[in-house]
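Colleague: Protein chains in written order, with the numbering used here: chain A, 53 to 466; chain B, 1042 to 1148.
Glycine included, each C-beta is placed from N, C-alpha and C at the ideal position.
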Amino acid sequence: MSAMGSPQATGSNSSGGRPPAAIPHLAIDPFSIAFFDDPFPAHQALRDAGPVVYLETWNVYGVARYAEVHAVLNDPATFCSGRGVGLSDFAKETPWRPPSLILEADPPAHTRTRAVLSKVLSPTVMKQLRQHFTAVADATIDGLLARGSFDAVVELAEAYPLSVFPDALGLRPEGRQHLLPYAGLVFNAFGPPNELRQSAIARSAPHQAYIAEQCQRENLAPGGFGACIHAFADTGDITDKEAPLLVRSLLSAGLDTTVYGIGAAVYCLARYPDQLARLRADPTLARNAFEEAIRLESPVQTFFRTTTRAVDIGGSEVGEGEKVLMFLGAANRDPRRWAEPDSYDVTRKTSGHVGFGSGIHMCVGQLVARLEGEAVLSAIARKVASIAISGPVTRRYNNTLRGLETLPITLTAA
Amino acid sequence: MPTIHFVHPDNRSESVDADIGNGAMRAALAHGLDGILAECGGSAVCATCHVYVDEAWLAKLKPVGADEDELLDGTASERLPNGRLSCQIEMTSELDGLVLRLPERQT
Chain A
53 MSAMGSPQAT GSNSSGGRPP AAIPHLAIDP FSIAFFDDPF PAHQALRDAG
103 PVVYLETWNV YGVARYAEVH AVLNDPATFC SGRGVGLSDF AKETPWRPPS
153 LILEADPPAH TRTRAVLSKV LSPTVMKQLR QHFTAVADAT IDGLLARGSF
203 DAVVELAEAY PLSVFPDALG LRPEGRQHLL PYAGLVFNAF GPPNELRQSA
253 IARSAPHQAY IAEQCQRENL APGGFGACIH AFADTGDITD KEAPLLVRSL
303 LSAGLDTTVY GIGAAVYCLA RYPDQLARLR ADPTLARNAF EEAIRLESPV
353 QTFFRTTTRA VDIGGSEVGE GEKVLMFLGA ANRDPRRWAE PDSYDVTRKT
403 SGHVGFGSGI HMCVGQLVAR LEGEAVLSAI ARKVASIAIS GPVTRRYNNT
453 LRGLETLPIT LTAA
Chain B
1042 MPTIHFVHPD NRSESVDADI GNGAMRAALA HGLDGILAEC GGSAVCATCH
1092 VYVDEAWLAK LKPVGADEDE LLDGTASERL PNGRLSCQIE MTSELDGLVL
1142 RLPERQT
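See below:
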């Protein structure tokens, strides 16, 4: 992808500027309930329309093919995050909360904060957590096998991360009921000003108050991720004012995402008994089985970038200051990149999927997510003979996250 | 186009063509090589493209960077003095014939 033509903007979201005619205009609203209920035909239409499309509902550009999504993710100088990774352009609108110092930041500022969180969530730290995370997952599956039938969203996908992640962060016991609503709010707020976003923000005050309080140093237990972040203020890597905002990043993005990821994996194994059988035959596939569920279901469906200059995307020019919506979920099922993209294959070579993003903003907590997913799927592989869906499966609606509201299942023991 | 010889733990060798300027990890992925996971796709997060560099080639590589050094402490298989992350080995024509041994485990 390279610069083409003048560096001036050719249009803007609010001024009614006309994009070049060569770019297909689509009426698809990717933030509508109908889209959430069945995004796949729309994903295909978005991919097949061209390398870049214009979405008339929200006056933004979109990329849905793997090649363009990957290219946009890996050109942060042209496609910046500092103007927000939702629809709202921070250059034109006041953000609903103080911007994230890592997600909604660009180099060089991003480089410093990213380095701190990378160290806090490093492979070495994961080694120290592995035994505990595995033991809790084993106990969780044992308990659920004893019950037999239950809702896998509440009792497994939510219960397991809630039983390991807040403690790993060092959160106080009080107030944890705010964590999932706050995360739901954050991911709804990346979307357009629709009912989901507006109602989430309208109800946000108590959740925001809890988060602000919980991010303070005195409220974070020694040894946890939160305390480790604050310790980087002592060494001068970050300031005292930045530390709570970086803790906030883990509270925003570290819990709900893994809930949706584990929910996606259990839903896959329930629908693909042949893949559960392969996983049971070789429990070392657990980590890849989780990764493949992230590819197939893409719990984080979309993020925006904003162009810093006029740029050529697939032969069409997009002007400066334009929002570009990346369809991560569509890229992860692009037949131009993946063989049999709609099937769940626990032995697939998944490297390169964009479910965690790609490049400098790729999920900094991906190792925690994988550790949790691997622990749960490994316990299932060793202990569970079958997973049957035993009631109505319903979807939870969020502007950014894709996942379930209910997943009633019945387990039988191996 | 330089060639990399990846040697599996069972001493089976696979030869892979690499693009100059890319990390050795990219060549392994493009070839579909088992033994290089590269979960983070080269974002220097995961330490799952761990390799042991054949002693004869060690001096020809650029030294380990600070970020890579920290990540190497987190590898699943033991860290050895010749351990590297293959995403950080930038291929050059001088590295034609590079021998990289694969560890028992990446996770």
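Which residues in chain A have a C-beta closer than 8 Å to the C-beta of S1084 (chain B)? List them in chain order.
Modeller: Looking up residue 1084 (chain B) in the second sequence gives position 43. What S1084 (chain B) touches in chain A: S410, G411, I412, M414.
Colleague: Would you verify that the beta carbon of C1128 (chain B) is, or is not, closer than 8 Å to some beta carbon of chain A?
Modeller: Residue mapping note: residue 1128 (chain B) aligns to position 87 of the second sequence, counting from 1. Not one chain A Cβ lies under 8 Å of C1128 (chain B).
Colleague: Tell me, please, whether the CB atom of G404 (chain A) is closer than 8 Å to any CB atom in chain E?
Modeller: Judged by its chain identifiers, the structure shown contains no chain E, and its protein chains are A and B.
Colleague: Between the Cα of A348 (chain A) and those of A:A167, A:V205, A:G315, A:S84, spot the shortest distance and give me the residue it belongs to.
Modeller: The residue given as residue 348 (chain A) occupies position 296 in the first sequence. Looking at the sequence provided, one finds Leu at residue 348 (chain A) rather than Ala. Among A:A167, A:V205, A:G315, A:S84, the Cα nearest to that of L348 (chain A) belongs to A:G315.
Colleague: List, in order along the chain, the chain B residues whose C-beta lies closer than 9 Å to that of R422 (chain A)?
Modeller: Residue mapping note: residue 422 (chain A) aligns to position 370 of the first sequence, counting from 1. Under the 9 Å cutoff, chain B gives E1080, C1087, T1148.
Colleague: Is the CB-CB distance between L221 (chain A) and G278 (chain A) below 8 Å?
Modeller: As a position in the first sequence, residue 221 (chain A) is number 169, starting the count at 1. As a position in the first sequence, residue 278 (chain A) is number 226, starting the count at 1. Closer than 8 Å, so yes.
Colleague: Within its chain, find whatever has a CB closer than 8 Å to the CB of P213 (chain A); leave out the 5 residues flanking it on each side and keep chain order.
Modeller: Counted from its first residue, the first sequence places residue 213 (chain A) at position 161. Cβ within range, chain order: L307, T310, V311, I314, E424.
Colleague: Label T287 (chain A) either buried or exposed according to how many other C-beta atoms from any shown protein chain fall within 10 Å of its C-beta, with 16 as the threshold for buried.
Modeller: If you number the first sequence from 1, residue 287 (chain A) lands on position 235. The residue is exposed, with fewer than 16 neighbouring Cβ atoms inside 10 Å.
Colleague: Within 8 Å of any Cβ in chain B, is that where the Cβ of Q183 (chain A) sits?
Modeller: As a position in the first sequence, residue 183 (chain A) is number 131, starting the count at 1. It does not; no Cβ of chain B falls within 8 Å.
Colleague: So, with DSSP's three-state summary, where would you put P460 (chain A)?
Modeller: Along the first sequence, one-based indexing puts residue 460 (chain A) at 408. It is a strand residue.
Colleague: Give me, in chain order, the residues of the same chain whose beta-carbon lies closer than 7 Å to that of S410 (chain A); leave out the 5 immediate sequence neighbours on both sides.
Modeller: For the purposes of this step, residue 410 (chain A) is taken as the residue at position 358 of the first sequence. Counting only Cβ-Cβ distances below 7 Å, and skipping sequence neighbours, we find H122, L125, N126.
Colleague: Provide the residue span of the beta strand (DSSP E) that contains G114 (chain A), from first to last.
Modeller: Your numbering for residue 114 (chain A) matches position 62 in the first sequence. First-last of the beta strand (DSSP E) with G114 (chain A): 112-115.
Colleague: Please report the straight-line C-alpha distance between K431 (chain A) and L1078 (chain B), rounded to a whole angstrom.
Modeller: Translated into positions along the first sequence, residue 431 (chain A) becomes position 379. Translated into positions along the second sequence, residue 1078 (chain B) becomes position 37. Correcting the residue identity first, residue 431 (chain A) is Ala in this sequence and not Lys. The straight-line gap from Cα to Cα measures roughly 22 Å.
Colleague: When you compare only the Cα positions, how much space is there between E1080 (chain B) and L1121 (chain B)?
Modeller: Here residue 1080 (chain B) refers to the residue found at position 39 of the second sequence. Here residue 1121 (chain B) refers to the residue found at position 80 of the second sequence. If you take the alpha carbons of E1080 (chain B) and L1121 (chain B), they lie about 21 Å apart.
Colleague: Look up Y106 (chain A) in the DSSP assignment and give the residues it is bridged to.
Modeller: Residue numbering aside, residue 106 (chain A) sits at position 54 when the first sequence is read from its first letter. The partner list for Y106 (chain A) (beta bridge, DSSP) reads A:H77, A:Y113.
Colleague: Quick check: the stretch 1125-1135 of chain B against the stretch 1055-1067 of chain B, are at least 3 beta-carbon pairs closer than 8 Å?
Modeller: Yes, the stretch 1055-1067 of chain B is in contact with the stretch 1125-1135 of chain B.
Colleague: According to DSSP, M178 (chain A) sits in a beta bridge with which residue or residues?
Modeller: Position 126 of the first sequence, counting from 1, holds the residue named residue 178 (chain A). None; M178 (chain A) has no bridge partner.
Colleague: Does M378 (chain A) come within less than 8 Å of chain B when only Cβ atoms are used?
Modeller: The count along the first sequence starts at 1 and reaches residue 378 (chain A) at position 326. So, not an interface residue.
Colleague: Nearest by alpha-carbon distance to S140 (chain A): which of A:V115, A:D158, A:P444, A:N111 is it?
Modeller: Against the first sequence, residue 140 (chain A) aligns to sequence position 88. Among A:V115, A:D158, A:P444, A:N111, the Cα nearest to that of S140 (chain A) belongs to A:N111.
Colleague: Does the distance from the C-beta atom of R385 (chain A) to that of H95 (chain A) stay below 8 Å?
Modeller: Taking the first residue of the first sequence as position 1, residue 385 (chain A) is located at position 333. Taking the first residue of the first sequence as position 1, residue 95 (chain A) is located at position 43. Yes, the pair counts as a contact, with Cβ atoms nearer than the cut-off.
Colleague: In chain B, what lies closer than 8 Å to Q418 (chain A) by C-beta?
Modeller: Taking the first sequence and counting its residues from 1, one reaches residue 418 (chain A) at position 366. By Cβ distance, chain B contributes E1080, C1081, V1086, C1087.
Colleague: Count the other CB atoms, across all protein chains shown, that sit within 10 Å of the CB of A73 (chain A); report buried if there are 16 or more and exposed otherwise.
Modeller: As a first step, residue 73 (chain A) must be located in the first sequence, where it is residue number 21. Any reading at A73 (chain A) needs caution, since the residue's pLDDT is 49, under 50, leaving its predicted position unreliable; the model's value is listed next. When all chains shown are included, A73 (chain A) counts as exposed.
Colleague: Where in the stretch 233-300 of chain A do unbroken runs of the alpha helix (DSSP H), each at least 4 residues long, occur, reported from the N-terminal end onward?
Modeller: Qualifying alpha helix (DSSP H) stretches, in chain order: 247-254, 257-266, 277-286.
Colleague: Would you mind giving the Cβ-Cβ distance between T452 (chain A) and T354 (chain A), rounded to the nearest angstrom? I have them listed as a contact below 8 Å.
Modeller: Sequence index remark: in the first sequence, residue 452 (chain A) carries index 400 (1-based). Sequence index remark: in the first sequence, residue 354 (chain A) carries index 302 (1-based). Confirmed, about 6 Å.
Colleague: Evaluate the contact criterion for the stretch 284-301 of chain A versus the stretch 263-276 of chain A: three or more CB pairs, one atom per stretch, below 8 Å.
Modeller: They touch, by the three-pair rule.
Colleague: Could you tell me whether any Cβ in chain B is nearer than 8 Å to the Cβ of P175 (chain A)?
Modeller: By one-based count along the first sequence, residue 175 (chain A) stands at place 123. Yes - at least one Cβ of chain B is within 8 Å of the one on P175 (chain A).
Colleague: What in chain A is Cβ-close to G1115 (chain B), meaning under 8 Å?
Modeller: Translated into positions along the second sequence, residue 1115 (chain B) becomes position 74. Result: S174, P175, T176, V177, M178, K179.
Colleague: Pull up the CB-CB distance for L1102 (chain B) and V1094 (chain B), whole angstroms please, since I reckon it's below 8 Å.
Modeller: Sequence index remark: in the second sequence, residue 1102 (chain B) carries index 61 (1-based). Sequence index remark: in the second sequence, residue 1094 (chain B) carries index 53 (1-based). About 6 Å; that satisfies the 8 Å criterion.
Colleague: Is it the case that the stretch 439-459 of chain A contacts the stretch 334-345 of chain A, given that we only count it when at least three CB pairs across the two stretches are under 8 Å?
Modeller: No, they do not touch.
Colleague: Between which two residues does the alpha helix (DSSP H) harbouring T310 (chain A) extend?
Modeller: Taking the first residue of the first sequence as 1, we reach residue 310 (chain A) at position 258. Counting along the chain, the alpha helix (DSSP H) containing T310 (chain A) begins and ends at 308-323.
Colleague: If contact is defined by three or more beta carbon pairs under 8 Å, each pair taking one atom from either stretch, is the stretch 393-404 of chain A in contact with the stretch 128-144 of chain A?
Modeller: These segments do not touch.
Colleague: Just mark R323 (chain A) as buried or exposed, buried being the case when its beta carbon has 16 or more other beta carbons within 10 Å.
Modeller: Mapped onto the first sequence, residue 323 (chain A) falls at position 271. Burial call: exposed.
Colleague: Relative to the C-alpha of D1114 (chain B), which candidate in A:P103, A:P160, A:K171, A:D81 has its C-alpha closest?
Modeller: Along the second sequence, one-based indexing puts residue 1114 (chain B) at 73. Nearest of A:P103, A:P160, A:K171, A:D81 to D1114 (chain B), Cα basis: A:K171.
Colleague: Over what stretch of residues does the alpha helix (DSSP H) that includes L98 (chain A) continue unbroken?
Modeller: For the purposes of this step, residue 98 (chain A) is taken as residue 46 along the first sequence, with counting starting at 1. Taken as a continuous stretch (DSSP letters only), the alpha helix (DSSP H) holding L98 (chain A) covers 92-101.
Colleague: Report yes or no: do three or more beta-carbon pairs, one from the stretch 433-440 of chain A and one from the stretch 456-466 of chain A, lie closer than 8 Å?
Modeller: Yes: the two stretches touch, three or more of their Cβ pairs being nearer than 8 Å.
Colleague: Determine which residues of the stretch 289-323 of chain A have a Cβ less than 8 Å from any Cβ of chain B, and write them out in chain order.
Modeller: If the cut-off is 8 Å between Cβ atoms, the stretch 289-323 of chain A has nothing near chain B.
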